[in-house]
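Below: the structure, in structure tokens.
2 protein chains.
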Amino acid sequence: METRGGFYITQIKQLQERIFERLLLAAGLELSGGQGRILFVLWKEEQLTIGEIGRETSLAKNTVSAVVDGMVRKGILERAINPENRRETIVSLTERARGMRGKYEEVSQRMNELFYQGFSGEERDAFESYLIRVRDTLVCEEEKIRAHTEL
Amino acid sequence: METRGGFYITQIKQLQERIFERLLLAAGLELSGGQGRILFVLWKEEQLTIGEIGRETSLAKNTVSAVVDGMVRKGILERAINPENRRETIVSLTERARGMRGKYEEVSQRMNELFYQGFSGEERDAFESYLIRVRDTLVCEEEKIRAHTEL
DNA sequence: ATTTTATTGTTCTATATAGAACTGTTCGAA
DNA sequence: TTCGAACAGTTCTATATAGAACAATAAAAT
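Line by line, the protein sequences are chains U and F. Each residue of the first sequence is one higher than the one before, counting from 1 in our numbering. Each residue of the second sequence is one higher than the one before, counting from 152 in our numbering.
Here's what the structure looks like:
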């Protein structure tokens, strides 16, 4: 039998992002999905480097750099050089970003309810644990590919 | 408990696409993930309109239009106006595209094996049926939003 | 028949995303 | 202590993606 997990994943990603951005806009938050994901990880840990954000979100480091740029311009984030290690850029939230948290989480929860409509708690848990397994596998595979390429 | 299905989905999508494109490149196929998905649906049904491709892939119609453009330039696809309904553009495969199918499917299968590494057949089925449920929910929700907006 | 409405794609614009090549910094080895 | 490798970000470039506004065509309403 033919499986098409990757195809479905991409479909869901697209649908979900279009819907989520509409909900954010309707709530008065002008954020893209990518920006939202970066905020999401910074709300859990106030200070992160570009690389760490990349690892948390699975975005390429140059992508993070570009998106953070846009958010700095919008006054949502700040950059600073880490004095301990001058190669690193430390990204942190501004007051403006902190003020967005409540609304963002509301929208996030509504999105979640849409997403998991018709799922029991057990089903949700089972599904998420599958997602985590696949994600971890792919993180690991990409790691391998990178190591292999560098030889 | 906090769920984050959407977050994981996006992570997986990014990882998967980066890995898949590398595999395609290594196999001598210069295709992006998005181009691959369009081929994938055209291999099942040789002639599709822009709108139908959008529905099958969950891409916005203007996105499909743009990606098809690139593929026409590369000699992979052809466009033609539907004489029955001159609003419609019929997209079809060229010989070049037909010649790519075998390799694409090989790579696809390898990708699938990576993706589902450690999954039993039952787990794969369970996971995919969850994915389909979520996708169908979101397709339906987007439909609702559109209907609502147009009033 | 003519006007209105709905459908289908395209264009225009802006952001997202990432590969490749690059700069600057740190660390380790000689 | 110096030089080369490893690391962290950025820049440059190209494609992907989609919202908004638009043009062309078809279908429906009057």
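Glycine residues also receive a C-beta, built at the ideal position from the N, C-alpha and C atoms. Being a predicted model, the structure only gives us computed values, none of them experimental.
Using the DSSP secondary-structure output, state which residues sit across from Arg101/U in a beta bridge. Position 101 of the first sequence, counted from the first residue, corresponds to residue 101/U. BP columns for Arg101/U are empty, so no partner.
Using a Cβ-Cβ distance cut-off of 8 Å, determine whether Gly75/U contacts chain F. As a working mapping, residue 75/U is identified with position 75 in the first sequence. Not an interface residue.
So Phe119/U packs on Gly157/F, CB below 8 Å; how close in whole Å? Translated into the one-based positions of the first sequence, residue 119/U becomes position 119. Translated into the one-based positions of the second sequence, residue 157/F becomes position 6. In fact, because the Cβ distance is near 13 Å, the residues do not count as touching under 8 Å.
CA-to-CA distance, Lys61/U to Ala97/U, given in whole angstroms: What you label residue 97/U is simply residue 97 of the first sequence in a count that begins at 1. What you label residue 61/U is simply residue 61 of the first sequence in a count that begins at 1. Approximately 22 Å between the Cα atoms of the pair.
Can you tell me whether Ser92/U is buried or exposed? The criterion is at least 16 other CB atoms within 10 Å of its CB, across all chains shown. Taking the first residue of the first sequence as position 1, residue 92/U is located at position 92. Ser92/U comes out exposed.
Neighbouring residues, chain U, relative to Val285/F (Cβ below 7 Å): Taking the second sequence and counting its residues from 1, one reaches residue 285/F at position 134. The contacting residues are Ile12, Phe115.
Leaving out five residues before and five after Val153/U in sequence, what residues of the same chain have Cβ atoms less than 8 Å from its Cβ? Outside the shown range of chain U (1 to 151) lies residue 153/U, about which nothing can therefore be said.
So does the segment 161-177 of chain F actually touch the segment 10-18 of chain U, counting three or more Cβ pairs closer than 8 Å? yes
What residue range does the beta strand (DSSP E) around Ile232/F cover? Residue mapping note: residue 232/F aligns to position 81 of the second sequence, counting from 1. Note, Ile232/F: beta strand (DSSP E), 228-232.
Can you give me the start and stop residues for the alpha helix (DSSP H) that Thr137/U sits inside? Your numbering for residue 137/U matches position 137 in the first sequence. Looking at the DSSP string, the run of the alpha helix (DSSP H) that includes Thr137/U is 121-149.
Secondary structure at Gln167/F, three-state DSSP: helix, strand or coil? Here the question's residue 167/F lines up with position 16 in the second sequence. Helix at Gln167/F.
Quick one: residues in its chain with C-beta nearer than 8 Å to the C-beta of Thr94/U, no 5 flanking neighbours on either side, listed in chain order? Translated into the one-based positions of the first sequence, residue 94/U becomes position 94. Hits under 8 Å: Gly75, Ile76, Leu77, Glu78.
Opening and closing residue of the alpha helix (DSSP H) in which Ser216/F lies: For this step, residue 216/F is matched to residue 65 along the second sequence. Residues 212-224.
Please state whether DSSP places Ser32/U in a helix, a strand or coil. For the purposes of this step, residue 32/U is taken as residue 32 along the first sequence, with counting starting at 1. DSSP places Ser32/U in coil when its eight states are reduced to three.
Starting from Thr57/U, follow the alpha helix (DSSP H) in both directions and report where the run begins and ends. Translated into positions along the first sequence, residue 57/U becomes position 57. Start and end: 50-57.
Can you tell me the Cα-Cα spacing of Arg297/F and Arg22/U, whole angstroms? Taking the first residue of the second sequence as position 1, residue 297/F is located at position 146. Taking the first residue of the first sequence as position 1, residue 22/U is located at position 22. In a straight line, the C-alpha of Arg297/F is about 11 Å away from that of Arg22/U.
Measure from the C-beta of Ile204/F to each C-beta in chain U and report whether the shortest distance is under 8 Å. Here residue 204/F corresponds to residue number 53 of the second sequence, with the count starting at 1. Interface with chain U (8 Å Cβ-Cβ cutoff): Ile204/F is excluded.
At a CB distance below 8 Å, what residues from the segment 171-193 of chain F approach chain U? Give them in sequence order. Phe171, Arg173, Gly184, Arg188, Phe191
As assigned by DSSP and simplified to three states, the class of Gln198/F: Position 47 of the second sequence, counted from the start, is the residue given in the question as residue 198/F. Reduced to three states, the DSSP call for Gln198/F is strand.
I need the straight-line Cα distance from Phe278/F to Ile81/U, nearest angstrom please. For the purposes of this step, residue 278/F is identified with residue 127 of the second sequence, where counting begins at 1. For the purposes of this step, residue 81/U is identified with residue 81 of the first sequence, where counting begins at 1. Here the alpha carbons of Ile81/U and Phe278/F stand approximately 43 Å from one another.
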